[in-house]
Amino acid sequence: MNRERLNEDINPVYLKVAITESILLSCIKGSSFSEIESHIPRVISTSKVVLREYLYHLVNNSFMSYNRVKKVYFIEANGWNLLYRIYSQRESSILDYTDLIIKIESNNA
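If you're matching positions, the sequence shown starts at 1224 in the numbering used here and goes up one per residue.
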């Protein structure tokens, strides 16, 4: 395969850290969509459409998994790694927490 061709198929996805972190934390023991929605801080305004888009990208990029039978989302190893990177960036950043953005190289967008 041509390496240049692979890079053309990758589309970056930009996710707000505050929303992503809340989703991942709510899924540690498994959560339904409504439980995740209620876990998002009220300071961050998100619609159901935006939340579903975040879940789509987090599942398709292996940060989370979805159990179709139980209709529950779970954090995966990559999600734990992402949380670690979020906390590392938050500690070293002078930006407001709500302004932080994560860039995910995604071939599923």
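For each residue, glycine too, the CB sits at the ideal point set by N, CA and C.
Remember, it's a predicted structure, so these values are computed and weren't measured experimentally.
DSSP three-state call for F1286: helix, strand or coil?
On the sequence shown, residue 1286 is found 63 positions in, with the first residue counted as 1. Of the three classes helix, strand and coil, the one that applies to F1286 here is coil, per DSSP.
So with Cβ pairs under 8 Å, would you call F1286 a contact of chain C?
The question asks about chain C, but that chain is absent: this structure has only one protein chain.
In this structure, what does DSSP give as the bridge partners for V1236?
Taking the first residue of the sequence shown as 1, we reach residue 1236 at position 13. Its beta-bridge partners are I1327.
Using 10 angstroms around the beta-carbon of N1290, count the other beta-carbons present and answer buried if the total reaches 16, otherwise exposed.
Indexing the sequence shown from 1 puts residue 1290 at position 67. Exposed is the call here.
Which residues bound the alpha helix (DSSP H) around I1259?
Taking the sequence shown and counting its residues from 1, one reaches residue 1259 at position 36. From DSSP, the alpha helix (DSSP H) with I1259 extends over F1256 to H1262.
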